[in-house]
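Report on the structure given below.
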């Protein structure tokens, strides 16, 4: 009976993943979606910060796509096909570990601790009109469990530019973990929940690494910290 129950549970998880839970969107660099013309790097030695500095933030198109992916993942895991087949703790784990705004809220809070004012703008035109002291393009990407993969990954970054939109440096954090398939028929529901919960743990570790990277960026010269070292420069247009 225990084996039969475990097999049924595993099939249920697979059904939910295969029929409802979306796959992660492809990660796309903000440089490829927001910047159109090559320029040089800012002459600033480091990102200016402090209580008197205004920061303007724009979320990259990749971040917007990622938030929508997480909304769909959360909605389908909580109420989609297969809901009646899964025990409640598994539903709760799927929902709790796919919060759409977790990364952007964390990053915004981190930035607010470092700058006098932090304003998120809907697009580059609005940000240009506001003319903040410093600009940040925030990029996030998540990869959660699906029927085809139990590999988890989280990436977050903020590319900083001066008031003239020249690149200064980047703060970033990444974390990944490979799990055995959550739908394996030898796993108990408690083990499946523990695996799913690791999705949030991976996201948190990536964000903690971002915080450390941000601290380093704001306190050290950026002469050797540049995305432009290995990639053609871009300008905001």
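In the numbering used here, the protein residues as written are 59 to 295. By construction, the Cβ of each residue, glycine as well, lies at the ideal position given by its N, Cα and C atoms. Here the structure is a predicted model, which is why all the values come from computation and not from measurement.
Buried versus exposed, by CB contacts within 10 Å (16 or more), residue i
i, result
"residue 222", "exposed"
"residue 189", "exposed"
"residue 217", "buried"
"residue 184", "exposed"
"residue 155", "buried"
"residue 268", "buried"
"residue 172", "buried"
C-alpha gap between residue i and residue j, whole angstroms
i, j, result
"residue 274", "residue 124", "26 Å"
"residue 205", "residue 174", "45 Å"
"residue 192", "residue 101", "13 Å"
"residue 253", "residue 236", "10 Å"
"residue 265", "residue 239", "25 Å"
"residue 165", "residue 158", "13 Å"
"residue 167", "residue 160", "11 Å"
"residue 199", "residue 209", "14 Å"
"residue 111", "residue 118", "22 Å"
"residue 132", "residue 203", "12 Å"
"residue 134", "residue 127", "11 Å"
"residue 54", "residue 276", "Because residue 54 is not part of the residues shown, which for the chain are 59 to 295, the question remains open."
"residue 114", "residue 262", "24 Å"
"residue 196", "residue 226", "14 Å"
"residue 170", "residue 116", "14 Å"
"residue 249", "residue 271", "33 Å"
"residue 120", "residue 186", "20 Å"
"residue 146", "residue 246", "14 Å"
"residue 109", "residue 201", "35 Å"
"residue 278", "residue 194", "18 Å"
"residue 220", "residue 207", "40 Å"
"residue 224", "residue 244", "54 Å"
"residue 176", "residue 122", "19 Å"
"residue 228", "residue 251", "35 Å"
"residue 99", "residue 163", "29 Å"
Where the beta strand (DSSP E) through residue i begins and ends
i, result
"residue 112", "108–117"
Range covered by the alpha helix (DSSP H) that runs through residue i
i, result
"residue 247", "247–277"
Contact with chain B by residue i, beta-carbon distance below 7 Å
i, result
"residue 217", "Absence of chain B from the displayed structure is noted, only one protein chain being present."
- Taking the runs of the alpha helix (DSSP H) that are 4 residues or longer, which of them lie wholly in the stretch 144–227? Taken in chain order, the unbroken stretches of alpha helix (DSSP H) that lie wholly in the stretch 144–227 and span 4 residues or more are 146–154, 160–170, 182–188.
- Item | Any 3 or more C-beta pairs closer than 8 Å across the stretch 97–106 and the stretch 177–184 | With fewer than three CB-CB distances shorter than 8 Å, the stretch 97–106 does not count as touching the stretch 177–184.
- Query: With a cut-off of 8 Å, do at least 3 Cβ pairs link the stretch 257–264 to the stretch 144–164?
  - Reply: The answer is yes - the stretch 144–164 touches the stretch 257–264, with three or more Cβ pairs under 8 Å.
- Query: Counting Cβ pairs, one atom from each stretch, are 3 or more of them under 8 Å apart for the stretch 231–246 and the stretch 210–217?
  - Reply: Three or more Cβ pairs closer than 8 Å define a contact, and the stretch 231–246 meets that threshold against the stretch 210–217.
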